[in-house]
Amino acid sequence: MSNLQQRVISAIILAAIVLSLTWFGGLPFRLLAVAIGALVFYEWTTVSGVAKDRPLWMAAWTLVALVLAALIWSGFGHWILAGAVAASAAVILFGALRGQGGEAGGGMFYALLAAIALAQLRGDATSGLWVMIYLFAVVWATDIFAYFVGRAIGGPKLAPSISPAARLAALFLRCLRRSRSRSPMAARLRCFWPCWRSRCRSFRRPAICSNRVSSAATA
């Protein structure tokens, strides 16, 4: 089985799982968001070498687990975001005292913010579902685009020790593709964002939301 075939099969399986959890929202999606945040932090500690300092590694993972458990239990809340900031600051201070700098705390805040942001974006409303579908569509489309462009163009590699196949050309074109992402789904997102901010009042007034979609699509 070729590398491309393995990528396609694994992508189909993962996409089915992710989209199913996104459809249900609520607790199932919060579990997905927490898993993503934990994987991000695991990869960060592995790449940065934080895992070599066991006391710092254990302290960071303990605080990460507490914040993510609170996110699963109660969903998004400003106190969870404040807790993530406080926990990250504590790990940064602990790392500085051990002569390791702030890499552990910085990566910890990045991972926790990703999980919290995903949980907040999805929420329990229909608008959150459309926002997440748009987000996944943009990320998946640009990554697929970058994969084939990188194979076609070649050139210097981005970080061979981390991702042997990633190339600078693919990174540049991925950024360009995302910056130019305009689609009917993007127009719907620009409609749903003010709807979400106003507790989805526009969903009870379809004409207003339709006008926003039409205006955004022609902008």
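Residue numbers (the numbering used here): 33 to 251. For each residue, glycine too, the CB sits at the ideal point set by N, CA and C.
| Item | Value |
| --- | --- |
| Simplified DSSP state of F126, which is helix, strand or coil | helix |
| Rounded separation between A151 and W105 - CA only | 12 Å |
| Per-residue burial, I112 [other beta carbons within 10 Å of its own, 16 or more giving buried] | buried |
| Residue from L145, I185, M140 whose Cα sits closest to the Cα of T77 | M140 |
| Distance, G69 Cα to R62 Cα | 10 Å |
| Minimum C-alpha distance to G107 - residue among R183, I49, L59, L95 | L59 |
| Assigned exposure category for F56 - 16 Cβ within 10 Å defines buried | exposed |
| Contact check, A147 vs A65, beta carbons under 8 Å | yes |
| Between the CA atoms of R183 and I176 - distance to the nearest angstrom | 11 Å |
| Alpha-carbon to alpha-carbon, S34 and A121 | 45 Å |
| Supposed close pair A149, L88 - CB separation, criterion 8 Å | With a Cβ gap of about 25 Å, A149 and L88 do not count as contacting. |
| Pair within 8 Å by beta-carbon distance, C71 and A116 | The displayed chain sequence assigns Leu, not Cys, to residue 71. Cβ atoms of L71 and A116: not closer than 8 Å. |
| V50 versus A178: straight-line alpha-carbon distance, rounded | 21 Å |
| Element boundaries [alpha helix (DSSP H), containing G107] | Note, G107: premise wrong, no alpha helix (DSSP H); not H, not E. |
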